[in-house]
Amino acid sequence: MKDMGEADVILGIKLIRLTDGITISQSHYVKKILEKFGYQNSRIVKTPYDSSVALFKNECGVSITQLRVLRYLKNTVSLVIYYGKFLATLDGYSDASWIAKNSGSNGCSGYVFTLGGGAVYWKSAKQTLITRSTFESELCALEATGTEVEWLFGLLSQLLIVSQPLPPIVVHCDSQTTIAK
87 MKDMGEADVI
97 LGIKLIRLTD
107 GITISQSHYV
117 KKILEKFGYQ
127 NSRIVKTPYD
137 SSVALFKNEC
147 GVSITQLRVL
157 RYLKNTVSLV
167 IYYGKFLATL
177 DGYSDASWIA
187 KNSGSNGCSG
197 YVFTLGGGAV
207 YWKSAKQTLI
217 TRSTFESELC
227 ALEATGTEVE
237 WLFGLLSQLL
247 IVSQPLPPIV
257 VHCDSQTTIA
267 K
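Take a look at the structure:
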């Protein structure tokens, strides 16, 4: 085995080491995508899409939504995620929507985990169960988040980027009814 020094790109993510922390970026990848689709000189937009617009699968060609995402990426190409050298804690955030408009009979749920304030792991998907209330939908989202907490706890306990022993992982939920139960 040969020591090749410190890595500067891992899994397509560029690492930039600073004296007080580290930043991660995919600007090189975004530029490559913009060039591939001929959008390096396109106008920019401030948001990836209007959340009130219903999104559907497009069976033929590139959709307007996909083009808008490319314009959004052009506007955010220089953004990075910064991780400082302070005590890194893992926080989880869980949320759900019960039978959202245009989603059929299933709710949607998702979670995001932040390490030292920067997002490191997330997922959003339709729920596999049909729930009878917002409370049940939020509870399903918390259960999925809890499953991921266990996996992340095992992973982080083997890495040296957080203090040992690991501090408790706090999961945040915006549903007061779910928290109360």
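Residue 87 is where the sequence shown starts when you use this note's numbering, and the numbers rise one by one after that. Heads up, the beta-carbon is just placed ideally off N, CA and C, and yes, glycines get one too.
- If you draw a straight line from the Cα of T220 to the Cα of F199, it comes to about 22 angstroms.
- Rounded to the nearest angstrom, the gap between the Cα atoms of E224 and M90 is 47 angstroms.
- The beta carbon of S210 sits closer than 6 angstroms to the beta carbons of G196 from its chain, once the five residues preceding and following it are set aside; these are given in chain order.
- Three or more beta-carbon pairs separated by less than 8 angstroms are not found between the region 121 to 135 and the region 101 to 110, which leaves the two stretches without contact.
- For Q112, same chain residues with a beta-carbon under 8 angstroms away, outside a window of 5 residues either side, are G98, I99 and K100 in chain order.
- Counting along the chain, V256 sits inside the beta strand (DSSP E) bounded by residues V256 to C259.
- Spanning the alpha carbons of D181 and C259 requires a straight line of approximately 6 angstroms.
- Judged by DSSP in its simplified three-state form, V131 adopts coil rather than helix or strand.
- Here V235 is actually not in contact with I265; their C-beta atoms are around 16 angstroms apart, not less than 8 angstroms.
- The DSSP-derived three-state label of T109 is strand.
- The shortest CA-to-CA distance from G202 to any of V155, T133 and L242 is the one to L242.
- V257 and S164 have their C-alpha atoms spaced approximately 30 angstroms apart.
- Considering only P251, W208 and T217, the residue with the shortest C-alpha distance to T233 is W208.
- A distance of 8 angstroms or more separates the beta carbons of G204 and Y179.
- Assignment of beta strand (DSSP E) within the region 178 to 217, counting only whole runs of 3 or more residues, yields 194 to 201 and 204 to 212 in chain order.
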